[in-house]
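Number of protein chains: 2
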Amino acid sequence: MPTLHAVKPHRPLTGAPRSLRPSGQERQASIIAAAAALFAANGFKGTTTKEIARSVGISEALLFKHFPTKRALYAAILKEKVSIPELLASVEEAARKRDDRQVFTLIASHRIRRSADPTLLRLLLFSALEGHELSAMFFRTQHRVFYDYLAGYIAQRITEGAFRGVDPMLAARAFTGMLTHHRLLHEIFCVPAHRNPGDSVTAYVTLFLDGLTAPCSGSRKLVTRGKA
Amino acid sequence: MPTLHAVKPHRPLTGAPRSLRPSGQERQASIIAAAAALFAANGFKGTTTKEIARSVGISEALLFKHFPTKRALYAAILKEKVSIPELLASVEEAARKRDDRQVFTLIASHRIRRSADPTLLRLLLFSALEGHELSAMFFRTQHRVFYDYLAGYIAQRITEGAFRGVDPMLAARAFTGMLTHHRLLHEIFCVPAHRNPGDSVTAYVTLFLDGLTAPCSGSRKLVTRGKA
DNA sequence: ACTCGGTAAGTGAGTGATTACTTACCTTGA
DNA sequence: TCAAGGTAAGTAATCACTCACTTACCGAGT
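Chains as they are written, first to last, in my numbering: chain D, 5 to 232; chain H, 5 to 232.
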């Protein structure tokens, strides 16, 4: 069974005279990278070990020297992708200042703009639909952390009287739902973007914080706004 | 090749003394029903023709007498599920009255409560992820019609000054995003519902129309509300 | 009324191709 | 030298799909 956590470089990494034959760890990394792309594109059942081997440029036999089964390789990929993002630092600073707009904008930007790895969403959906056992953990660290954190913030702001008294968890899910749906349309259903990401983020945040109903419409609302 | 459009009942349908052997059309319908459930649960690649046949209670050979290929069966299912829902009548009535809350509540209820067929969402996602050619049409009639209609309504209400001047399409997508995400959590990621559907619908609609920011918080808004 | 034949409904036992995975063996490099 | 890196050529199982064949149904002819 291959060890994923060992950090013992077998060969010098500094200006190494590239060997003809990469080390086991380098191979393992390249296998994971190639397999992740294929699994994201075609799912677990839709990807064959032969395809993976060909994509890496090795034989199937070597593939099975690194990972005992296809499922173990898949699990290794999900485990590698599971990592709590560190974005929370800047968000927490904005949260400390009670800058609502900044909190939501930072999270929205991260979820829409910096969706660095476009394979993550497909991998997440495939693993959930196909019922992989690591899907729940993947979902928790890649998606749920955001609305869990948001729910806590919203609950706090409600007690402070800044937000209306809605269910914080439901509100948090509503916001992340907007963002996830945005990515879903583009990355899964291939709907073309009709405006730049920055505008979308601003629109989503404004919509969520201030609502759709016009501030000065008839007898409904009178508004005196601070900024913008 | 079996003909799908022939409407020539070989046996009397009225109070028929159930024959031992169902007609071809009855068989075809039961095949589609059983296969749809399996495809929704396991995807196209994850479902075998043997499983389908066993689920219907027939031999694989008979399955292939009704559908020339597995893919043709899958396509027949997607085509059958593609049907513009008729909900629009009640929604259009509310729209005519300019009852914003009712318009959004009706759509939200339909998308959350009456998601009659729980396999539809899984089928939609699987077909999109696996890249089936009918996926786009399926998406259009099952999902896009809602936010297209909403976008039109929102655009109209903006010109009337009732809604703020956001991008109508983006706003419509944001609302349906909330709803889709709600179903996604429950049906795909198995997150348990923590409140009844009616409350969720009300919360989503209020959130979307009026926003999260408290109406009387500090210097931001002064509100005189008509109802509730 | 009753047989009889045409046809639709239905199946057991395969087909070759592809699957995940193995075995026995070679090559490279320190 | 010798372990780690690497492969050609398998394996049994499973895949979508086919073939040759039987069974049930129903209307027409007598």
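Backbone N, C-alpha and C fix where the C-beta goes; we use that ideal spot for every residue, glycine too.
I'd like to know if residue i contacts chain H, where contact means its C-beta is closer than 9 Å to some C-beta of that chain.
| i | result |
| --- | --- |
| residue 170 of chain D | yes |
| residue 115 of chain D | no |
| residue 1 of chain D | The first residue shown for chain D is 5 and the last is 232, placing residue 1 of chain D beyond what the model contains. |
| residue 141 of chain D | no |
| residue 221 of chain D | Any answer about residue 221 of chain D is weak, because its pLDDT of 42 lies below 50 and its placement is not dependable; what the coordinates show is given next. True, the Cβ-Cβ gap to chain H drops below 9 Å. |
| residue 134 of chain D | yes |
| residue 123 of chain D | no |
| residue 130 of chain D | yes |
Please classify residue i as buried or exposed, where buried requires at least 16 other C-beta atoms within 10 Å of its C-beta.
| i | result |
| --- | --- |
| residue 204 of chain H | buried |
| residue 8 of chain D | Unreliable positioning characterises residue 8 of chain D in this predicted model, as indicated by a pLDDT of 33, which lies under 50. A coordinate reading is not provided. |
| residue 44 of chain H | buried |
| residue 158 of chain H | buried |
| residue 65 of chain D | exposed |
| residue 61 of chain D | exposed |
| residue 33 of chain H | exposed |
| residue 51 of chain D | buried |
| residue 197 of chain H | exposed |
| residue 161 of chain D | buried |
| residue 97 of chain D | exposed |
| residue 134 of chain H | buried |
| residue 63 of chain H | exposed |
| residue 177 of chain H | buried |
Which residue from the options puts its Cα closest to that of residue i?
| i | options | result |
| --- | --- | --- |
| residue 112 of chain D | D/94, D/193, D/171 and D/45 | D/94 |
| residue 186 of chain D | D/58, D/117 and D/66 | D/117 |
| residue 180 of chain H | H/202, H/194, H/150 and H/206 | H/150 |
| residue 126 of chain D | D/143, D/110, D/33 and D/88 | D/143 |
| residue 246 of chain D | D/216, D/164, D/129 and D/207 | This structure does not reach residue 246 of chain D, given that chain D is present from 5 up to 232, and the question cannot be answered. |
| residue 146 of chain H | H/177, H/188, H/158 and H/85 | H/85 |
| residue 156 of chain H | H/148, H/62 and H/173 | H/173 |
| residue 31 of chain D | D/77, D/202, D/48 and D/152 | D/77 |
| residue 29 of chain H | H/67, H/108, H/136 and H/182 | H/67 |
| residue 136 of chain D | D/196, D/80, D/197 and D/199 | D/80 |
| residue 88 of chain D | D/195, D/152 and D/122 | D/152 |
| residue 121 of chain D | D/162, D/40, D/198 and D/200 | D/40 |
| residue 214 of chain D | D/194, D/166 and D/195 | D/166 |
| residue 195 of chain H | D/110, D/123 and D/148 | D/148 |
| residue 202 of chain D | D/171, D/109 and D/124 | D/109 |
What number of angstroms, rounded off, separates the C-alpha of residue i from the C-alpha of residue j?
| i | j | result |
| --- | --- | --- |
| residue 212 of chain D | residue 175 of chain H | 10 Å |
| residue 103 of chain H | residue 168 of chain H | 16 Å |
| residue 42 of chain H | residue 99 of chain D | 46 Å |
| residue 71 of chain H | residue 55 of chain D | 29 Å |
| residue 36 of chain H | residue 59 of chain H | 11 Å |
| residue 216 of chain H | residue 207 of chain D | 14 Å |
| residue 82 of chain D | residue 114 of chain H | 35 Å |
| residue 183 of chain D | residue 73 of chain H | 38 Å |
| residue 189 of chain D | residue 199 of chain D | 14 Å |
| residue 163 of chain H | residue 107 of chain D | 31 Å |
| residue 38 of chain D | residue 131 of chain D | 17 Å |
| residue 210 of chain D | residue 57 of chain H | 53 Å |
| residue 138 of chain D | residue 46 of chain D | 18 Å |
| residue 140 of chain D | residue 26 of chain H | 43 Å |
| residue 123 of chain D | residue 49 of chain D | 17 Å |
| residue 154 of chain D | residue 92 of chain D | 11 Å |
| residue 171 of chain D | residue 105 of chain H | 19 Å |
| residue 53 of chain H | residue 75 of chain H | 10 Å |
| residue 69 of chain H | residue 90 of chain D | 57 Å |
| residue 101 of chain D | residue 101 of chain H | 43 Å |
Quick check on residue i - is its C-beta less than 9 Å from some C-beta in chain D?
| i | result |
| --- | --- |
| residue 214 of chain H | yes |
| residue 193 of chain H | yes |
| residue 46 of chain H | yes |
| residue 145 of chain H | no |
| residue 138 of chain H | no |
| residue 232 of chain H | Note that residue 232 of chain H scores 32 on pLDDT, short of 50, meaning its location in the model is unreliable; the coordinates nonetheless yield the value given after this. Chain D contact via Cβ: absent. |
| residue 33 of chain H | no |
| residue 158 of chain H | yes |
| residue 181 of chain H | yes |
| residue 55 of chain H | no |
| residue 177 of chain H | yes |
| residue 163 of chain H | no |
| residue 49 of chain H | yes |
| residue 78 of chain H | no |
| residue 91 of chain H | no |
| residue 217 of chain H | yes |
| residue 167 of chain H | yes |
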